[in-house]
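Colleague: My questions will all concern the structure given below.
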Amino acid sequence: MSLFSKPFDESRVMDGIRTGGSERRFFENILYQNFTYLIRDGARRHTLSEDDSSIVYSDTILTVIEHLISRRFEGRSGIKTYVHQIFTNKCVDLIRKHSTKKAQVFQGEGLSEMLNLLPDDTHSAIQTLMQQQDVDLLRQRLTQLGDKCHRMLWAWGEGFTDVEIAREMGYQSAAVSKTSRQRCLDRLRELYLSAYKN
Amino acid sequence: MDTRIEPYFNKELSSAEQSIFEQDLRQNQTLAEEVAFYLQTRQLIRQELLAERHAVWQELAQRPQPRPIRPIWTLAAVAALLVIALGLGWNWLRPTSPTAQALAQTYIEQQLTSLPVLMDAGTDSLQKAIDSYNQGEFEKAGLLAQALLQQQPASAEALNLAGLSALRLQRYEQAIVHFEKLAQQKDLYANPGTFHVALALLIRNEPLDKKQAESLLKEVISKNLEGKEQAEKWLLSFDQ
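So the protein lines, in turn, are chains A and B. When you line the first sequence up against our numbering, it's residues 1 to 198, in that order. When you line the second sequence up against our numbering, it's residues 1 to 240, in that order.
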């Protein structure tokens, strides 16, 4: 690295992540590396273990990436402020939920937000159904999907739109991409249910 | 799976479509199971993504980290500080020649610790003063010399001894007064007065003392006064 190269360029990193393509991971890694001191901060200020603080930090960066891609982060604050805020919130969440399962702690704010969209009287029924599902089995079946479905669902999970997925994966249109993704979900459900019933 | 699920969570349904969907959700168990599956799948993919990215980033963190990138002005400032630090360090640490004060102090220890007994010491008082001086009793030697000066104010030996005693007692002003009176005597065969004033100034080492001492030492050399040989050595060492 040149001594005279530019320091952390916020807008360049944001654009690099949003643009996607082969350079996206490069910019994600730059974003990750720029605030790694938060791992020590989390361990010191919030008395988390190094491992917990480390995964909270990774979760933070992943969330920021999701928000960048979905344009939820609009750049009104600096990215540093945004990262710090999310990291602090996640540390506090972890402390509050320390007695619960770690998997629930790192469920991500996306799930909570989606559950909150549901009518109040359906909340508990949906959550009960989710608890009845065999997550390990679902994880296993997820690996049995073909490479194309796997890539598509991963891109969807990362927050890419159907337009972007279509462009990246060579589909004719966003509609085709969306239909293909729904078929992948249907295929996954079939695999899961057939195994679950047996 | 019901194609309305994703548009519902993406808030892409109209309010009428949304109401119908929510009503169906309350009544249709299959739709509720599909919604639960959809959310579970999204959650699981998110966890898998996090696990993947965390593993990659952990590996990345193990690699040697690049040093923080500094703007060029920071580098320039660091370079300037380094130069200053090196300069000061060189100034502090370089092998230095002894200071003028140290040279003068060494001269006193080597040449003026023990004064020769005067062959023609006219009085017992002067001899007693010299003995006291040679024994390190500078206070007593000074008092004896002062007493002698009261009787013989122009006594070169008494002035010199009074000056040297004061010098050893670090009473520099007093020493300089005695040595200057000695230096004013023109009829002496060998007069160390000017040289001893310079010596006192070098040991006192106040601002401008060294400069004034150098001037006196040059006078010693130019007038071929007592201490000329030592004055030449010192001036040479001061120039280095």
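Note that CB positions come from ideal geometry on N, CA and C, so glycine has one too.
1. When you compare the CB of Asn198 of chain A with every CB in chain B, is at least one pair closer than 7 Å?
2. Does any residue of chain A bring its CB to less than 7 Å from the CB of Leu199 of chain B?
3. Just verifying my parser: in three-state terms, what is the DSSP assignment at Glu137 of chain B?
4. What residue range is occupied by the uninterrupted alpha helix (DSSP H) comprising Gly16 of chain A?
5. So with CB distances below 8 Å, who are the chain A contacts of Trp234 of chain B?
6. Where does the unbroken alpha helix (DSSP H) through Thr179 of chain A begin, and where does it stop?
7. For Arg26 of chain B, return the contacting residues in chain A, with the cut-off set at a CB-CB distance below 8 Å.
8. Where does the unbroken alpha helix (DSSP H) through Tyr8 of chain B begin, and where does it stop?
9. Can at least three beta-carbon pairs, one atom from the region 138-158 of chain A and one from the region 35-48 of chain B, be found at a separation below 8 Å?
10. Go ahead and label Gln40 of chain B buried or exposed: buried means 16 or more other beta carbons lie within 10 angstroms of its beta carbon, across all protein chains shown.
11. Can you find the residues in the same chain that come closer than 6 Å, C-beta to C-beta, to Glu10 of chain A, ignoring five residues on each side of it along the sequence?
12. Roughly how many angstroms separate the alpha carbons of Leu144 of chain B and Leu82 of chain B, rounded to a whole number?
13. Taking a Cβ distance cut-off of 9 Å, strictly less, list which residues of the region 24-38 of chain A are near chain B, in chain order.
14. Can you name the residues of chain A whose CB is closer than 7 Å to the CB of Ala36 of chain B?
15. Exposed or buried, which one is Arg4 of chain B when buried takes at least 16 other CB atoms within 10 Å?
16. Kindly indicate which three-state DSSP category Ala154 of chain B falls into: helix, strand or coil?
17. Between Gln127 of chain A and Gln133 of chain A, what straight-line distance do the alpha-carbon atoms span, to the nearest angstrom?
Modeller: Inspection of the coordinates gives the following:
1. For this step, residue 198 of chain A is matched to residue 198 along the first sequence. Closer than 7 Å: no.
2. Locating residue 199 of chain B in the second sequence gives position 199, counting from the first residue. Residue contact with chain A for Leu199 of chain B: absent (no Cβ-Cβ distance below 7 Å to any residue of chain A).
3. One-based indexing of the second sequence puts residue 137 of chain B at position 137. DSSP, reduced to helix, strand and coil, places Glu137 of chain B outside both helices and strands of the structure shown, so it counts as coil.
4. Numbered from 1 along the first sequence, position 16 holds the residue referred to as residue 16 of chain A. Glu10 to Thr19 is the span of the alpha helix (DSSP H), which, as asked, contains Gly16 of chain A.
5. By one-based count along the second sequence, residue 234 of chain B stands at place 234. By Cβ distance, chain A contributes nothing, its closest Cβ being about 50 Å from Trp234 of chain B, past 8 Å.
6. Locating residue 179 of chain A in the first sequence gives position 179, where the first residue counts as 1. Residues Ala174 to Lys197.
7. Stepping through the second sequence from its first residue, residue 26 of chain B is reached at position 26. In chain order: Pro119, Asp121 and Thr122.
8. For this step, residue 8 of chain B is matched to residue 8 along the second sequence. First-last of the alpha helix (DSSP H) with Tyr8 of chain B: Ile5 to Phe9.
9. yes
10. Looking up residue 40 of chain B in the second sequence gives position 40. Under this definition Gln40 of chain B is a buried residue.
11. As a working note, residue 10 of chain A is residue 10 in the first sequence. Within the same chain, Glu10 of chain A has close Cβ partners Ile79.
12. Looking up residue 144 of chain B in the second sequence gives position 144. Looking up residue 82 of chain B in the second sequence gives position 82. Each residue's Cα considered, the two are about 59 Å apart.
13. Arg25, Glu28, Asn29, Tyr32, Gln33 and Thr36
14. Counting from 1 along the second sequence, the entry for residue 36 of chain B is found at position 36. Correct list: Ile126, Leu129, Met130 and Gln133.
15. As a first step, residue 4 of chain B must be located in the second sequence, where it is residue number 4. The residue in question, Arg4 of chain B, is buried, as its Cβ has 16 or more Cβ neighbours within 10 Å.
16. If you number the second sequence from 1, residue 154 of chain B lands on position 154. Reduced to three states, the DSSP call for Ala154 of chain B is coil.
17. Residue 127 of chain A sits at position 127 when you count from the first residue of the first sequence. Residue 133 of chain A sits at position 133 when you count from the first residue of the first sequence. Distance between the alpha carbons of Gln127 of chain A and Gln133 of chain A: 10 Å.
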